[in-house]
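Data first, discussion second: the structure below is written as structure tokens.
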Amino acid sequence: MKTGTRLPDVTFHTRVRDEAIEGPNPFRWQDVTTGDYFAGKRVVLFSLPGAFTPTCSTYQLPGFENGHADFAAQGIDEIYCLSVNDSFVMNKWAEAQGLKNVKVIPDGSGEFTRKMGMLVDKDNLGFGMRSWRYAAIVTDGVVEAWFEEPGLMDNCPEDPYGVSSPETVLAHLAEQKEPELA
């Protein structure tokens with residue numbers, strides 16, 4: 001569906017560690033653009049409804065983190081996890097998950113997610129506007145392959161998960177590398 005689409009040009013408001021800042025919160029604001037994250041790289045981008053939520057914290061994020069070497073072996077330069085959460089929340093979640101390989105992208109206002117057509121209302125869970133669950137393989141800012149969970153809708157009574165799993169994305173990458181039979 002979104003294969004061949006260029007990612008929207010957005011500026012993400014992030015917080016990055018700065019050793020020059022003393023105290024318990026040594027971070028400063030740094031704006032990072034879509035180009036900064038994606039230009040000249042082949043990456044896996046996956047987006048999910050929220051940091052610290054059960055499926056996201058138990059399966060999806062740990063699966064991508066633990067599978068990092070397998071993705072790298074398939075030609076992936078970076079793995080990004082995006083959520084409609086602010087940078088404070090995303091950084092704390094990354095810390096709580098012990099991330100070393102996956103990088104988090106805060107889409108606090110949902111601008112990127114809205115421009116991707118993936119912003120949904122999750123008021124039924126008290127979440128407000130959030131991202132529908134999806135994953136993509138992105139090469140130099142263009143979607144190469146798209147993995148969207150079924151049932152995209154506001155206030156979905158379920159949280160489908162499988163199409164955007166690390167296992168599904170990795171299997172797709174492995175299939176692309178296999179030589180075609182004559």
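For the sequence shown, full-length UniProt numbering puts the final residue at 182, and the numbers step up evenly by one.
Idealized CB from N, CA, C, for every residue including glycine.
Check, Outcome
"CB contact flag (F147, A135, <8 Å)", "yes"
"Assigned exposure category for G98 - 16 Cβ within 10 Å defines buried", "exposed"
"Cβ contact (3+ pairs, closer than 8 Å) linking the segment 1 to 14 and the segment 100 to 116", "yes"
"Counted within 10 angstroms of its Cβ, other Cβ atoms place R6 as buried (16 or more) or exposed", "exposed"
"When A94, M153 and F112 are compared against F12, the one with the closest alpha-carbon", "F112"
"Cα-Cα separation between P157 and Q60, rounded to whole angstroms", "19 Å"
"Cβ-based neighbour list, G40, same chain, cut-off 8 Å, excluding 5 preceding and 5 following", "D140"
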